[in-house]
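In the numbering used here, the protein residues as written are 124 to 191.
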């Protein structure tokens, strides 16, 4: 759903924009930045696996403290 909304937004910007190198490069950079942001959001949704990982030890230590 989010991807379709972003596609519609970029398409609506592109319909009225002149076709020159500045506009095309801006659209490409903007699309890459949005794709990178979505990738990071989806990657950080699973913090214990994937390319960006955190250790579960601090969370387990805090849980042990709360159980006392």
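The C-beta atom is built at its ideal place from N, Cα and C for all residues, glycine as well.
Contact check, residue 171 vs residue 179, beta carbons under 7 angstroms = Here residue 171 corresponds to residue number 48 of the chain shown, with the count starting at 1. Here residue 179 corresponds to residue number 56 of the chain shown, with the count starting at 1. Yes, these two residues count as a Cβ contact at 7 angstroms.
inquiry  = For the alpha helix (DSSP H) containing residue 166, name the first residue and the last one.
reply    = Counting from 1 along the chain shown, the entry for residue 166 is found at position 43. Looking at the DSSP string, the run of the alpha helix (DSSP H) that includes residue 166 is 144–167.
key: Nearest-angstrom Cα separation, counted from residue 125 out to residue 176   = Taking the first residue of the chain shown as 1, we reach residue 176 at position 53. Taking the first residue of the chain shown as 1, we reach residue 125 at position 2. Straight-line Cα distance between these residues: approximately 25 angstroms.
request  = Please report how far the alpha carbon of residue 142 lies from the alpha carbon of residue 133, in whole angstroms.
outcome  = Counted from its first residue, the chain shown places residue 142 at position 19. Counted from its first residue, the chain shown places residue 133 at position 10. The alpha-carbon atoms of residue 142 and residue 133 are separated by roughly 14 angstroms.
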